[in-house]
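Residue numbers (the numbering used here): 946 to 1171.
Spelled out as structure tokens, the structure:
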């Protein structure tokens, strides 16, 4: 049985006893392996998804087989529900950066709750509004900044999203160069070249797929200048 009460305290406190029983009985846990698809573009949305463990990327296929990473999800964030509210198919896809556990709740049940619970409705409006603001900012960053600014912004974005390891400097994610390029709206070769420049400038160090930030102040400056 899914432990909804401790995993989703924000939603849990808004529900009546009867609604809590409905949620507990309807929720299910699904485990995904690294790189496994969670949902596909053009599929019909059926579930609210909450990431309990691991890391997930939301992406969209582009021209020439290239992908653009739109968002990255960390525990405990909600995703996969916008398309249902819009009454349309998914316009993005989602896959696991690493093995992860996702809680699935039928959207029909969520909609039923929202129609009767103003506080919960405001909670979802607030989440959608925050996501829209982040998306608007990333559109500007990915279209107006130069390659160095885009990569610096992506590294800071990853740090804010997933935090640092115990050394207080290494970003807590194993990330393929292709994924970093897709997050930064650039080719993989440009991402590799720019990372090497950052290493030579002693802004970061690289150990395999791990990236350690040496000079965060300079990284912020490069991101601001664009």
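For glycine and all other residues, C-beta sits at the position ideal for the given N, C-alpha and C.
This one's a predicted model, so the numbers in the text were calculated from it and none came from an experiment.
Next item on the list: Spell out the partners DSSP gives residue 1133 in its beta bridges.
Entry: Answer by DSSP bridge pairing: none, since residue 1133 is not bridged.
Notebook entry, point to check: DSSP state of residue 1003, grouped into three classes?
Noted result: DSSP places residue 1003 in strand when its eight states are reduced to three.
Check: Which one of 1035, 1062, 1032 and 1024 has the shortest CA to CA distance from residue 963?
Finding: The alpha carbon of residue 963 has as its nearest neighbour, out of 1035, 1062, 1032 and 1024, the alpha carbon of 1062.
Notebook entry, point to check: Do residue 1019 and residue 1099 have their C-beta atoms closer together than 7 Å?
Noted result: Cβ distance not < 7 Å, so residue 1019 and residue 1099 don't count as in contact.
Next item on the list: Could you spell out where the alpha helix (DSSP H) holding residue 1106 opens and where it closes?
Entry: In the DSSP annotation of this structure, the continuous segment of the alpha helix (DSSP H) that includes residue 1106 starts and ends at 1092-1107.
Notebook entry, point to check: Exposed or buried, residue 1025, counting other C-beta atoms within 10 Å across all chains shown (16 or more means buried)?
Noted result: Burial call: buried.
Check: DSSP on residue 1026, reduced to helix/strand/coil?
Finding: Residue 1026 falls in the coil class under three-state DSSP.
Margin query: Is the separation between the beta-carbon of residue 1015 and that of residue 1005 shorter than 7 Å?
Written below: Note that the C-beta distance between residue 1015 and residue 1005 is below 7 Å.
Notebook entry, point to check: Between residue 1057 and residue 961, what straight-line distance do the alpha-carbon atoms span, to the nearest angstrom?
Noted result: Going by the C-alpha atoms only, they are around 13 Å apart.
Check: Just the Cα atoms here: how many angstroms apart are residue 900 and residue 1065?
Finding: The first residue shown for the chain is 946 and the last is 1171, placing residue 900 beyond what the model contains.
Next item on the list: With DSSP collapsed to three states, give me the class of residue 1155.
Entry: DSSP, reduced to helix, strand and coil, places residue 1155 within a strand of the structure shown.
Item checked: Bridge-paired residues (DSSP) for residue 1013 -> Partner(s): 1005.
Margin query: Taking only three categories from DSSP, how would you classify residue 1150?
Written below: Look at residue 1150 here: in three-state DSSP terms it is strand.
Next item on the list: Give every residue of the same chain whose Cβ lies closer than 7 Å to the Cβ of residue 1125, excluding the five residues on either side of it in the sequence, and list them in chain order.
Entry: 1099 and 1136.
Checklist line | Environment of residue 1040 [buried if 16+ CB atoms lie within 10 Å] | finding: The residue in question, residue 1040, is buried, as its Cβ has 16 or more Cβ neighbours within 10 Å.
Checklist line | Contact under 7 Å by Cβ, residue 1034 with residue 1127 | finding: Not closer than 7 Å, so no.
Next item on the list: Taking all protein chains shown into account, decide if residue 1166 is buried (16 or more other Cβ within 10 angstroms of its Cβ) or exposed.
Entry: With a 10 Å radius around the Cβ and a threshold of 16 neighbouring Cβ atoms, residue 1166 comes out exposed.
Item checked: Opening and closing residue of the alpha helix (DSSP H) in which residue 1052 lies -> Residues 1052-1061.
Item checked: residue 948 (DSSP reduced to helix, strand or coil) -> Looking at residue 948 - three-state DSSP - the assignment turns out to be coil, as it is neither helix nor strand.
Next item on the list: Have a look at 968, 1114 and 1134 and flag the residue whose alpha-carbon is nearest the alpha-carbon of residue 1050.
Entry: It is 968 whose Cα lies nearest to the Cα of residue 1050.
Next item on the list: Report back the beta-carbon spacing between residue 986 and residue 1031 to the nearest angstrom; my notes put them in contact at under 8 Å.
Entry: The beta-carbon separation of residue 986 and residue 1031, rounded to 14 Å, does not stay under the 8 Å limit for a contact.
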